[in-house]
Amino acid sequence: MATAEAAAEIVREIAAVGAADLAAAAEPLRADCLRLARKVSLLSHLVAEVADAGEGDAAAAAWVRELVRALEAARRFVALGRAPPPPPTAAGASHQEEETREIEIRSENDANCNDTDLQFKYVTWQLQAALANLPHRCFQISDEVQEEVDLVRAQLRREMEKKGALDVTVFAKVHDILVQIDNIGPQSQQPRQQREQSQMEKFSKDHMELQNVVLLVSEISGLSKSDMTKITSELIDGLENVGTPDSPKPANVDNQTSDEAKSSSEEAKKPDSIAIPEDFRCPISLELMRDPVIVSTGQTYERAFIQRWIDCGNRTCPKTQQKLQNLTLTPNYVLRSLIMQWCEEKGVEPPSRSKSEGSSIEVGGNRLAIEALVRNLSSSSLDERKSAAAEIRSLAKKSTDNRILLAESSAIPALVKLLSSKDLKTQEHAVTALLNLSIYDQNKELIVVAGAIVPIIQVLRMGSMEARENAAAAIFSLSLIDDNKIMIGSTPGAIEALVELLQSGNPRGKKDAATALFNLCIYQANKVRAVRAGILVPLIRMLQDSSRNGAIDEALTILSVLVSHHECKTAISKAHAIPFLIDLLRSGQARNKENAAAILLALCKKDAENLACIGRLGAQIPLTELAKTGTDRAKRKATSLLEHLSKLQVL
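Be aware that the sequence shown starts at 1, since it is given in the UniProt record's numbering, and climbs by one per residue.
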């Protein structure tokens, strides 16, 4: 029976897999296994908390079985990467035999690559689905662990997107039958063996591709051959029931509404039987290109698909596997013209570009003007570079369309290069332009992928005051994506530079730094980094600063996040924050009193020394007043503190 202990054991086994264990695996299997092992290792705290919570009710037990199934599939996939390499050609073999063997190995590797890609998609889909169904009411999952689960889910979703379209219908069917088998248990298949064999022969020719998908998914799920036959048969029956006998639907088509059916019938009128020239197809989607662009290797792709590839963190050309020297996407106007001409000749509806599909937006002359500006960012003239950066800064501030168009014109990599400019004004324009571009969420990942974090931190440390302010604001904007919180926090000097600005910047700079630090410290590991970087010194000073509106509020907000970590809690106590917090209980604004009470309660929980300290400092009187007149949250915190104090006095 699947248990949380079994899940924990599988997680430990997968997490122990390192690069050396996968040395014999070919790419991309090796990279897929390593990434999967890293993601699974992040679930160790989750399975520990699930195990501590006990078996619980039926819903909890069912979910644990679901998780174990997903982890077992992940373990089987990682095992593929640990398999020994094929034996070398026997000594004494002729040159022709060696060449023949090499060709066979290459062909076999290509086939295996396609197979493992599909299996990897299923494993990530199954694990992401299991985590999505986590029944929170059954387990007492801490906020820190939930943060890790959300992070793993986001990473798994990106892995699925990176691998292309999913065979969700097949995946879901295999998953449902797996659940049935798990619930019913293995049954004798011998009486049905002959019938299933003939059934396999009957549909193997017409449904070979579907049968292969089922075979690969079933293998990674640990199913028997008879179970594979059952799944294939049931899946084909299900697909044929929603289609017509003569033309079964492909595996990734869901049931359609009447409107969708009408749309499909209209599409069927198109002469899609005409063979599309290979050069007109996107190498990623294999569809007719509507907005072809050229990457640095000279290959052409559909803009939306290559942009998605780059957004997922890939820095290689999908077709050639060569490293992309830059992320510039150059419109292939010649090829687009040829595609339009071919469509006219063949009577095919020409492809149109649309914002909703993630491709470029037609804005006429603005596109040409923006592309000219982007080219000027790389000009040999400093004045041209500075002027272009200033203009792009202004354009990026004005509208979402401009932000999208500037990103599509490859302004981001060029602006990142200008962050290292020795001219402080150019540097300021560049970092502010990136800040404005990051307002559009999809640009956040592009900015990080372009390698902007380290140079932004350099500007934060060494730039002009306005550039430092905008660099802090840019870090805040980028850190709204959870993965970026981790990346920025772990970048050497990042949190230290923000703490320095918080301590010595002007009022606006301090505010930008405080906002960025608060957001970064939502992630547990960054709380410790901030305390070790000396954040408590300026925070304690801010608690006493009545001259700047909002300074006390900002300090309390950050402290309320830090105090949830044990090491930070100890550091706050040692920094002598308690007397200032009690002063705020007496004379602060309503919101400040509320936050001060919440921080004091966190400091005093399971800490008799801190509790005695607030007693000696006369906290009872302002707490009693707050329990009567404060906000609802303030009343709860004050009442709880008073109860702790009364218990201490009894002892």
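Every residue, glycine too, gets a C-beta built ideally from N, C-alpha and C.
Proximity of residue i and residue j at Cβ, strictly below 8 Å
i           : j    : result
P413        : N326 : yes
L377        : L415 : yes
residue 652 : N610 : This structure cannot settle anything about residue 652, because the visible part of the chain is limited to 1 through 651.
K510        : L501 : yes
V47         : A74  : no
S560        : I599 : yes
V152        : L71  : no
S379        : T328 : no
L131        : V145 : no
A530        : L517 : yes
N436        : R393 : yes
L626        : L585 : yes
T316        : I294 : no
D423        : L395 : no
I14         : V78  : yes
E49         : I141 : yes
L536        : A575 : yes
L446        : D311 : yes
A612        : L623 : no
Alpha-carbon spacing of residue i relative to residue j, whole angstroms
i    : j    : result
M462 : N484 : 22 Å
A25  : A16  : 17 Å
R35  : K323 : 20 Å
G630 : P538 : 28 Å
G451 : S490 : 14 Å
T100 : I220 : Reliability fails at T100, whose pLDDT of 49 lies under 50, so the model's placement of it is uncertain and the value that follows must be treated cautiously. Roughly 30 Å separates the two Cα atoms.
N133 : L434 : 37 Å
K270 : I284 : Confidence in K270 is poor, its pLDDT being 44 and thus under 50, which makes the residue's placement unreliable; the coordinate value appears in the next sentence. Answer to the nearest angstrom: the Cα atoms are 23 Å apart.
I361 : A407 : Caution is warranted here: a pLDDT of 37 is assigned to I361, below 50, making its placement in the model unreliable, and the coordinate value is therefore given only provisionally. So the alpha carbons of these two residues sit roughly 11 Å apart.
E344 : P350 : 7 Å
D32  : K319 : 18 Å
A268 : E287 : Bear in mind that the predicted position of A268 carries a pLDDT of just 35, short of 50, making it too unreliable to give a figure here.
S265 : V348 : The pLDDT assigned to S265 is 38, lower than 50, so where the model puts this residue is not dependable; a value taken from the coordinates is nonetheless given after this. When rounded, the distance between both Cα atoms is 16 Å.
M289 : G222 : 40 Å
F580 : A571 : 15 Å
D117 : P28  : 8 Å
M487 : A590 : 36 Å
G618 : K606 : 20 Å
A4   : A62  : 11 Å
D632 : F171 : 49 Å
Y440 : S399 : 9 Å
I552 : L562 : 15 Å
Closest by C-alpha distance to residue i, when choosing among the options
i    : options                : result
R82  : V47, I141, G18         : G18
E469 : L329, D512, L131, V448 : D512
L480 : V449, A467, E496, K444 : K444
C568 : G534, K593, E496       : G534
L127 : I141, C138, R158       : R158
L216 : Q119, L543, L556, C138 : Q119
A474 : L419, M340, A575       : L419
A129 : R76, L80, V64, F139    : V64
R12  : A23, L22, A20, R38     : R38
V449 : N314, A467, A369       : N314
E302 : R336, P277, I276       : R336
G54  : L80, C138, V123        : C138
A514 : A494, L603, M160, A555 : A555
C604 : I578, S387, A58, R403  : I578
First and last residue of the uninterrupted beta strand (DSSP E) at residue i
i    : result
V293 : 292-294
Y301 : 300-302
Residues that DSSP places opposite residue i in a beta bridge
i    : result
K323 : T316
L288 : R281
V331 : Before going on, a small fix: residue 331 reads as Pro here, not Val. DSSP output for P331 lists V293 as bridge partner(s).
Residue i: first and last residue of the uninterrupted alpha helix (DSSP H) it sits in
i    : result
N133 : Taken as a continuous stretch (DSSP letters only), N133 belongs to no alpha helix (DSSP H), as it is neither H nor E.
T400 : 400-408
K593 : 590-604
D483 : 482-490
L437 : 424-437
H566 : 566-574
D52  : 44-53
T515 : 507-520
V17  : Per DSSP, V17 belongs to no alpha helix (DSSP H) and is neither H nor E.
I540 : 536-543
Q524 : 524-532
S477 : 465-478
E349 : Looking at the DSSP string, E349 is not in any alpha helix (DSSP H), and its letter there is neither H nor E.
R76  : 58-81
E554 : 551-562
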